Every structure is written in structure tokens, then in C-alpha cells.
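Trainee:
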Amino acid sequence: MNNPYYCHVFPSMTELKEPPVMLTSIGRESRFGNDYYFDNIDRQMKGYLFQYTLSGSGVLYVGSAKKIVNKGQALFIPIPSDTKYFCNSDSREPWDFIFIHIKADCLAEYCNQIYAKCGNILSLDIDSFPIKLLFDISNQTQNGHINNFNTGSRLAFEFITKLYDYYFDNSEIYSKRNRDIIAILETSYKEIDGISAIADKFQISPSHLTREFVSEVGTTPVKYLTKVRILHAKDLLLHSDKTVGEIAQECGYDQTNYFCKIFKKTVGQTPLQYRNFLS
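The working numbering applies: residue 7 is where the sequence shown begins, and numbers increase by one.
Laid out in C-alpha cells, this is it:
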């Protein structure tokens, strides 16, 4: 397997002077001691930093307010800002984290609403969709799959909007029923046996459910479910020793051959090709 610790800085785009979204850097680091310290008040690295703690802990100051960033939490801050972050000297473990930095003025409203609701310390389960997506972007970067500006920009935009969705459940965009359907798709993807079973929960027909879902979400429930399942499958392929058959079961596919067919159609590689290429 690849060394999990790295930092990748993307080159600036030359064609556009002010691109609306820019993935500027991403990586994973393990830090311990006083040598890791950032004061962001005059920092030139403009944009938004999301830094998720995998183990250990860090310290974030927002103005004079001290906050501890524990396992399962992320600091999420604009830069420049009156913030500082550094290793927690009271922790016996290194601060192990994965981070992404995005420059995107067009996403300021999303970020500001997250700050207004949650502050600068966000709690997310490691199996949550935004964190799975972050690991996927990281894996693609580390292995050379993000090789053009537009791909990075698209993924950066998707990450911020999915982070927003995680806390707001699309409250200003989707109906309550579609929010509930998304929650089922993202949390019960292993057990779902067809859209008909979900439609029955809401006492509507599958065709009615699909029409409503597509009109708001922009994709069908089946495609949304496939995206969730494949994202979890990619994570298991890279971070577990489970067989392809076991992973298929974990992600809600009873037949391994069918899982392999869907995976290749979605990713462009078979599960084993994906695992071996990135290992």
C-alpha cells in the first residue's frame, strides 16, 4: 500500500485569472510537538481549510476562544482569519489528520451557513459521506488520477456542497420526503432491496418516488444508491483485506459478478484492478 502521509499542492490554472473554484492542496499528515503551528490572520493562502482528525487532537483558537479538535472532528476555517491551529501539547498521540484546502469565492455562502450553524469545529463520523468523499479525492490525487484543473475543481465543489448537505439535509432545496429518502440511501445502503421497498415506506408508487427525486436531486434514487455503494466499496478495497465477494456483500450486492459489473461501469476498472493499481 502507498504511504498514507503526503501533501500535494496543485498548480494554479493559467487560462483563467480568477477561476470560481480551485482545489489548491490535499493530503494527510501526522504532527507532534511545537513545530506545527499556523497563525492565519495574515496568511496568504486564501480559501477554506477543512482538516479532519483521525487520531490524537489539535488546538484551534478562534479569536481568543480555545477549542480542542478531537478524533472524529474537523476544523473548518477561512484563510486568512483570526484563527490559529497547532498540536495539542496535552495529547500523548500525534495529531493524525487528512486535509483539503479549496479556494472558492462562489462557495462562500455555503461555508458561511455551515459556520453559522456549527461554528468552526465540525463533528462527522468517519463513515459519513463527506469524509468518504474526502478520502476518495485524496486517493485519486495521490495516485495521479486528478490530472487536470477541471477535475479537481469539480471534486472540490462537490465536497463543499456535500458538507453543506450533511448539516442542512438540503432543507432549502429538497422536500422533507426526499431528505428522508437520501438519509435511507446513505445509511441503509447495505440492506436496501430495490426502490419499491422505499416507496412502500412512504406509501407512494416507485415511479412517483423516482419522478419527485429526479426533479429535485437531479438523478434517480437507483443511481444515487449506486454512487453511495461504490464510494464505500472503493474505501473497503483500499483500506481492508476483505475479498471482492465480502465487499460486495458489505455494500449491498448479493451477487459478486453483478457488483463487479456495476463497479467497472462506474469506475472504469474492475474492483481488483482498482485495488492493485492504487496499492
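Each residue gets a CB set at the ideal place from its N, CA and C atoms; glycine is no exception.
Small disclaimer: the values here were computed from a predicted structure and weren't measured.
Between the segment 77-96 and the segment 58-68, do at least 3 Cβ pairs fall closer than 8 Å?
Mentor: Verdict: yes, contact present.
Trainee: According to DSSP, ILE74 sits in a beta bridge with which residue or residues?
Mentor: Paired residues: VAL65.
Trainee: With H, G and I counted as helix, E and B as strand and the rest as coil, what does DSSP make of ASP142?
Mentor: Correct three-state label for ASP142: helix.
Trainee: Jot down the residue ranges of each uninterrupted beta strand (DSSP E) in the segment 204-272, minimum 3 residues, whole runs only, in chain order.
Mentor: Fully enclosed beta strand (DSSP E) runs of 3 or longer: not present.
Trainee: Measure from the alpha carbon of ILE47 to the alpha carbon of each residue in ASP199, TYR91, CYS13, GLU99, then state which is nearest.
Mentor: The shortest Cα separation from ILE47 among ASP199, TYR91, CYS13, GLU99 belongs to TYR91.
Trainee: Tell me the DSSP bridge mates of LYS90?
Mentor: DSSP, once it has assigned bridges, lists ASP45, TYR67 as partnering LYS90.
Trainee: Using DSSP with H/G/I as helix, E/B as strand and the rest coil, what is ILE85?
Mentor: Residue state, collapsed to three classes: strand.
Trainee: Relative to the alpha-carbon of GLY158, which residue among ASN9, TYR12, GLU24, ILE32 has its alpha-carbon at the smallest distance?
Mentor: Ranking the options by Cα distance to GLY158, first place goes to ILE32.
Trainee: For a test of the three-state rule: what should DSSP assign to GLY200, helix, strand or coil?
Mentor: Three-state DSSP puts GLY200 in coil, outside helix and strand.
Trainee: Look up GLY33 in the DSSP assignment and say whether it is helix, strand or coil.
Mentor: If DSSP states are grouped into helix, strand and coil, GLY33 belongs with the strands.
Trainee: Does the beta-carbon of ALA254 have 16 or more other beta-carbons within 10 angstroms, so that it is buried, or is it exposed?
Mentor: Buried is the call here.
Trainee: For the alpha helix (DSSP H) that LEU191 lies in, which residues bound it at each end?
Mentor: Start and end: 182-193.
Trainee: Taking CYS124 as part of the beta strand (DSSP E), name the residues at either end of that continuous run.
Mentor: Element bounds for CYS124: not the beta strand (DSSP E) but the alpha helix (DSSP H), 114-124.
Trainee: Among LEU243, GLY274, SER202, which one has its Cα closest to the Cα of PRO212?
Mentor: Closest option to PRO212, Cα to Cα, is SER202.
Trainee: State the Cα-Cα distance for the pair LYS72 and VAL250, rounded to the nearest angstrom.
Mentor: Each residue's Cα considered, the two are about 45 Å apart.
Trainee: For TYR54, which of LEU29, VAL75, GLY69 has the nearest alpha-carbon?
Mentor: Of the candidates LEU29, VAL75, GLY69, the one whose C-alpha sits nearest the C-alpha of TYR54 is LEU29.
Trainee: Please confirm whether VAL220 and LEU113 have their CB atoms less than 8 Å apart.
Mentor: No. Outside cutoff.
Trainee: Buried or exposed, going by whether 16 or more other CB atoms sit within 10 Å of the CB of ASP260?
Mentor: Per the 10 Å Cβ criterion, exposed.
Trainee: Over what stretch of residues does the alpha helix (DSSP H) that includes TYR173 continue unbroken?
Mentor: Where TYR173 is concerned, the enclosing alpha helix (DSSP H) stretches over 155-174.
Trainee: So does the segment 113-125 actually touch the segment 88-104, counting three or more Cβ pairs closer than 8 Å?
Mentor: Too few Cβ pairs lie closer than 8 Å, so no.
Trainee: In whole angstroms, give me the CA-to-CA distance for ILE143 and ILE204.
Mentor: C-alpha separation (whole angstroms): 30 Å.
Trainee: Should LEU278 be labelled buried (16 or more other beta-carbon atoms within 10 Å of its own) or exposed?
Mentor: Classification for LEU278: exposed.
Trainee: Closest by CA to ASP101, which one among ARG34, ILE188, ASP241, HIS214?
Mentor: Per the sequence shown, the amino acid found at residue 101 is Trp instead of Asp. Of ARG34, ILE188, ASP241, HIS214, the residue nearest in Cα terms is ARG34.
Trainee: For ASP132, is the classification buried or exposed, using 16 other Cβ atoms within 10 angstroms of its Cβ as the cut-off for buried?
Mentor: Asp is not the amino acid found at residue 132; the sequence shown has Ile there. Classification for ILE132: exposed.
Trainee: Determine the closest residue to SER70 out of HIS151, ILE85, LYS52, ASP45, with distance taken between C-alpha atoms.
Mentor: It is ASP45 whose Cα lies nearest to the Cα of SER70.
Trainee: Rounded to a whole number of angstroms, what is the C-alpha to C-alpha distance between MET7 and TYR180?
Mentor: Note that MET7 scores a pLDDT of 46, beneath 50, so its modelled location is shaky; the value from the coordinates is reported in the next line. So the two alpha carbons sit approximately 40 Å from each other.
Trainee: Return the CA-CA distance between LYS168 and ILE137, expressed in angstroms with no decimal places.
Mentor: Near 10 Å, if we compare the C-alpha coordinates of ILE137 and LYS168.
Trainee: According to DSSP, simplified to helix, strand and coil, what is ILE106?
Mentor: The answer is strand: DSSP assigns ILE106 an E or B state.
Trainee: What first and last residue would you give for the beta strand (DSSP E) that runs through LEU278?
Mentor: Run containing LEU278: none in the beta strand (DSSP E); it sits in the alpha helix (DSSP H), 277-283.
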